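Please read the structure below before turning to the comments.
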Amino acid sequence: MGLRASLRFSSFIGESGALDINKRLSLPADIRLPDGYLEKFNLNSPLFDKPLSRRLRRVSLSEIGFGKLETYVKLDKLGEGTYATVYKGRSKLTDNLVALKEIRLEHEEGAPCTAIREVSLLKDLKHANIVTLHDIIHTQKSLTLVFEYLDKDLKQYLDDCGSCINMHNVKLFLFQLLRGLNYCHKRKVLHRDLKPQNLLINERGELKLADFGLARAKSIPTKTYSNEVVTLWYRPPDILLGSTDYSTQIDMWGVGCIFYEMSTGRPLFPGSTVEEELHFIFKLLGTPTEETWPGITSNEEFISYNYPRYKPDCLHNHTPRLDNEGVDLLSKLLQFEGKKRISAEEAMRHPYFRSLGGRVLALPDNTSIFALQDIQLEKEPGMRTSSLSDSGELTGTDTHLACDVRPYINALL
Numbered sequence: 003m004g005l006r007a008s009l010r011f012s013s014f015i016g017e018s019g020a021l022d023i024n025k026r027l028s029l030p031a032d033i034r035l036p037d038g039y040l041e042k043f044n045l046n047s048p049l050f051d052k053p054l055s056r057r058l059r060r061v062s063l064s065e066i067g068f069g070k071l072e073t074y075v076k077l078d079k080l081g082e083g084t085y086a087t088v089y090k091g092r093s094k095l096t097d098n099l100v101a102l103k104e105i106r107l108e109h110e111e112g113a114p115c116t117a118i119r120e121v122s123l124l125k126d127l128k129h130a131n132i133v134t135l136h137d138i139i140h141t142q143k144s145l146t147l148v149f150e151y152l153d154k155d156l157k158q159y160l161d162d163c164g165s166c167i168n169m170h171n172v173k174l175f176l177f178q179l180l181r182g183l184n185y186c187h188k189r190k191v192l193h194r195d196l197k198p199q200n201l202l203i204n205e206r207g208e209l210k211l212a213d214f215g216l217a218r219a220k221s222i223p224t225k226t227y228s229n230e231v232v233t234l235w236y237r238p239p240d241i242l243l244g245s246t247d248y249s250t251q252i253d254m255w256g257v258g259c260i261f262y263e264m265s266t267g268r269p270l271f272p273g274s275t276v277e278e279e280l281h282f283i284f285k286l287l288g289t290p291t292e293e294t295w296p297g298i299t300s301n302e303e304f305i306s307y308n309y310p311r312y313k314p315d316c317l318h319n320h321t322p323r324l325d326n327e328g329v330d331l332l333s334k335l336l337q338f339e340g341k342k343r344i345s346a347e348e349a350m351r352h353p354y355f356r357s358l359g360g361r362v363l364a365l366p367d368n369t370s371i372f373a374l375q376d377i378q379l380e381k382e383p384g385m386r387t388s389s390l391s392d393s394g395e396l397t398g399t400d401t402h403l404a405c406d407v408r409p410y411i412n413a414l415l
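In this note's numbering, each number is its position in the sequence shown, counted from 1, plus 2.
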């Protein structure tokens, strides 16, 4: 039955169902309360001036409209997959745009495992660089996940820049990616499907991890997971060669590939098959030997491919826009063995990010790096469909998601 295993959503979350999940969701600060709401609960001050009691929070979520389909208005259909349809929508509570991921529930099979994973993980992941799950609506026929609405994905941002992102902005995007990943990894959550299409960017330049359908929470280390994860271009060589013994470092190889792609405007290892993907990797980094990768010469899959003995090429030759510190960080990300790859936390402290200042490392999890006055995006000279204002925010007629459907087709389906 594969990913669509017969694991029913109701049995997964228990008899208390959606209420147990809904009561844990973060409430937006600009929420609109129904008429008479404060009087009903004998509240003389605004609801969010003080923490909600557990009882009031549980009641208020339902009273306000969380967990109800009628709270959201569907505006446009953005895309459709095998099990889900994504709509652009608007919340009647906040008047904000949202993305509605409507997952069809088959009577016999229940919710797809990817949806269950996404719900179970995202409800506990609250970070400025992780897409926010605002609400969950569970009916007999569907499970609807309500996400915040962002402007575009990194792939489209690259395309709009003519595949040439300002190098200062590359640094900001990479730091935010590492920041979100570090938060996940500290909670023993592996994303497992990093790619530009799963990194969403809003009008402020905030980058957020999305699509946790393949993510896994795990005890570190373990040997129980399939090697059939991660889009091929961003899949590390140990996984390509059949390893299921991996930890958080599976994500770090993908970070390196994305770092290169932002810096050069082209994918690093665009293989169409596993054999071709490994060939691209070895041609750049050198065919591994027992000295560079202990145990590799006894790997049956590696032996069967019989690759030429390439010598490692200099990364500087392929990344002319990266300075020495950037190339050093890239090399630490692109290590054959997972245990040798730099961690997200270590990477955030790499000298490459020294120009951002030390305060970015001390920010609370829910605070954007753009809360710091000296942190802002720089103008993208080649930006085709949008531009950056002097304040560092994206402007232009095409920057709004009303005209941009691909992020939620790619990152939410």
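Ideal Cβ positions, reconstructed from N, Cα and C, are used throughout, including at glycine. Just so we're clear, the structure is a prediction, and the values are computed from it rather than from any experiment.
Residues near residue i by beta carbon distance below 6 Å, same chain, minus five either side
i      : result
Asn204 : Leu152, Asp153
Lys94  : Thr73
Lys334 : Ile344
Pro269 : Trp235, Glu263
Leu324 : Ser265
Pro223 : Note that Pro223 scores 40 on pLDDT, short of 50, meaning its location in the model is unreliable and no value can be drawn from it.
His136 : Val148
Tyr354 : Glu327, Gly328, Leu331
Ala212 : Val133, Asn200, Leu202, Ala413
Val276 : Leu242
Proximity to residue i [Cα-Cα], best of the options
i      : options                        : result
Cys259 : Arg343, Trp295, Lys103         : Arg343
Lys125 : Asn326, Val148, Tyr307, Arg106 : Val148
Thr134 : Ser144, Ala101, Phe338         : Ala101
Pro383 : Leu374, Leu160, Pro322         : Leu160
Leu156 : Glu339, Met264, Arg361, Val276 : Met264
Arg386 : Tyr85, Ser165, Asn301          : Ser165
Lys143 : Pro239, Thr96, Ala86           : Ala86
Val362 : Leu71, Ile167, Gly182, Leu145  : Gly182
Leu99  : Leu209, Asn301, Glu150         : Glu150
His281 : Asn308, Ser300, Thr246         : Asn308
Leu336 : Thr275, Ser300, Ala373, Leu286 : Leu286
Assigned exposure category for residue i - 16 Cβ within 10 Å defines buried
i      : result
Thr401 : For Thr401, the predicted model reports a pLDDT of 32, less than 50, meaning its position is unreliable; a value from the coordinates is still stated below. With 16 or more other Cβ atoms within 10 Å, it is buried.
Cys163 : buried
Cys316 : exposed
Leu179 : buried
Pro272 : exposed
Phe130 : Note that residue 130 is Ala in the sequence shown, not Phe. With 16 or more Cβ atoms within 10 Å of its Cβ, Ala130 is classed as buried.
Gly297 : exposed
Thr291 : exposed
Val191 : buried
Gln375 : exposed
Asn168 : buried
Lys210 : buried
Gly340 : buried
Gly360 : exposed
Ile23  : Residue confidence for Ile23 is low, a pLDDT of 39 falling below 50, so the modelled location carries little weight; the figure read from the coordinates is stated next. That one is buried.
Sequence-distant residues of the same chain with beta carbon closer than 8 Å to residue i, five excluded per side
i      : result
Leu358 : Lys173, Leu174, Phe177, Ile371, Ile377
His187 : Thr250, Asp253, Ser345, Ala346, Glu347
Thr321 : Tyr262, Ser265, Thr266, Gly328, Val329, Leu332
Thr294 : Gly288, Phe338
Ile305 : Thr299
Ala373 : Leu365
Beta-carbon proximity of residue i to residue j, cut-off 8 Å
i      : j      : result
Arg237 : Glu279 : yes
Leu331 : His352 : yes
Lys128 : Asn326 : no
Leu71  : Thr146 : yes
Val121 : Ile132 : no
Chain-order list of residues whose beta-carbon lies under 7 Å from that of residue i (same chain, five-residue window excluded)
i      : result
Lys313 : Gly288
Asn184 : Ala346, Glu347, Met350
Val75  : Gly91, Arg92, Lys94
Pro239 : Leu280, Ile283, Phe338
Thr233 : Asp195, Lys197
Asn301 : Leu243
Contact with chain C by residue i, beta-carbon distance below 8 Å
i      : result
Val133 : Of the chains in the structure shown, none is chain C; there is only one protein chain.
Decide if the stretch 195-202 is in contact with the stretch 255-270; the criterion is three or more beta carbon pairs, one per stretch, under 8 Å apart. yes
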